[in-house]
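Q: Numbering (the UniProt record's numbering), first residue to last: 1 to 296. Beta carbons: idealized from backbone N, C-alpha and C, even for Gly.
#1: Curious, which full-length beta strand (DSSP E) runs of at least 3 residues does the stretch 149 to 205 contain?
#2: For residue 129, which residues in the same chain have their Cβ closer than 7 Å to its Cβ, ignoring the five residues on either side in sequence?
#3: Going along the chain, which residues of its own chain have a beta-carbon closer than 8 Å to the beta-carbon of residue 60, five neighbours each way excluded?
#4: For the stretch 141 to 159 against the stretch 198 to 210, do three or more pairs of beta-carbon atoms, one drawn from each stretch, fall closer than 8 Å, so that the two count as touching?
#5: Excluding sequence positions up to five away, which residues of its chain have a Cβ less than 6 Å from the Cβ of residue 150?
#6: What does the alpha-carbon distance come out to for the pair residue 89 and residue 52?
#7: Since residue 260 is in the alpha helix (DSSP H), which residue starts that stretch and which ends it?
#8: Does the distance from the CB of residue 197 to the CB of residue 260 come in under 8 Å?
#9: For residue 280, tell me which candidate among 40, 257, 238 has the shortest Cα-Cα distance.
#10: Please classify residue 36 as buried or exposed, where buried requires at least 16 other C-beta atoms within 10 Å of its C-beta.
#11: Could you work out which residue in 263, 246, 47, 241 is closest to residue 203 when comparing CA atoms only?
#12: Looking only at its own chain, which residues have a Cβ that is under 8 Å from the Cβ of residue 125, when we skip the five neighbours before and after it?
#13: Is residue 55 helix, strand or coil by DSSP?
#14: Around the Cβ of residue 167, are there at least 16 other Cβ atoms within 10 angstroms (buried) or fewer (exposed)?
#15: Nearest to residue 297 by CA position, among 251, 199, 245, 264, is which residue?
#16: Taking only the alpha-carbon atoms, compute the straight-line gap between residue 108 and residue 246 and give it to the nearest angstrom.
#17: Who are residue 247's beta bridge partners in DSSP?
#18: What separation, rounded to the nearest whole angstrom, lies between the Cα atoms of residue 188 and residue 138?
#19: In the DSSP output, which residue or residues are listed as bridge partners for residue 234?
#20: Could you tell me if residue 257 is buried or exposed, where buried requires 16 or more neighbouring beta carbons within 10 angstroms of its beta carbon?
#21: Identify which residue in 50, 67, 42 has its Cα closest to the Cα of residue 92.
#22: Tell me which residue opens and which closes the beta strand (DSSP E) that residue 143 is part of.
#23: On a CA-only basis, which of 50, 95, 243, 223 is nearest residue 39? Give me that one, please.
#24: Sort out for me which residues DSSP pairs residue 222 with in a bridge.
#25: Taking a contact to mean a Cβ-Cβ separation below 8 Å, would you say residue 221 touches residue 176 in this structure?
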């Protein structure tokens, strides 16, 4: 018991010294200082976030009045809001007394690690930015991308969404979209149709061409400039191939082609122009019967 008395006495003295130190702290001043810092940081964050939102909405309206594409405008608005919000957070931390220099270095190192881990995702983001800025197509366009044909539903940061004509949704990574061939049928106002039809070798070829041109010129969806053209394209096995070329507006292309094909069939039938089926000539050769073998 006597051995523990010196240690107990020392511990008692340390406790007394600690209580004196705590009593010596200006708690009211400390609370006032840190309370003001916290209040200032909260006010800076709330006010900065409100201003960031107002700025983003204002930028969206300005871009809309300037005729900027809605997808590009939304992307720029989100980027501007994110950048301003980061600046607001850093300002609030500075007001709180937290050094931001080391935090920037930490964020840089963390960003490098995340970038290496999310390399594929970042490539999709970069490709999405290219699609939004360069705009090879926009929402509502009729396109063929990576062998998939459909209407562009939405261009997102990571993906492009297509709706096919049999009502399937195809989701393509943006990195794949930017590295493959893109066919945009909606980029130009007119689209050419090609209708190939076979005419019998014994039919009036000139009359058949005149009928094709008459049908195309009389259709309301076919434009006059450039004018329709009918050309002889091939001497096939069973028929002479005529091809009709005519330009229509993009929205009318499918219906106009169907109606013109039907009109060609009716017009040819009414004017005695045949559309022959594939034919083959079969030649049968009879060989001499084998010599009779002598009976044994």
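A: Taking the structure as given:
#1: 159 to 163, 169 to 173, 182 to 184, 190 to 199
#2: none
#3: 73, 74, 77
#4: no
#5: 162, 163, 164
#6: 11 Å
#7: 253 to 270
#8: no
#9: 238
#10: exposed
#11: 241
#12: 157, 158, 174
#13: helix
#14: exposed
#15: Residue 297 falls outside the range modelled here, since the chain spans only 1 to 296, and no answer is possible.
#16: 59 Å
#17: 192
#18: 13 Å
#19: 241
#20: buried
#21: 42
#22: 142 to 145
#23: 95
#24: 248
#25: no
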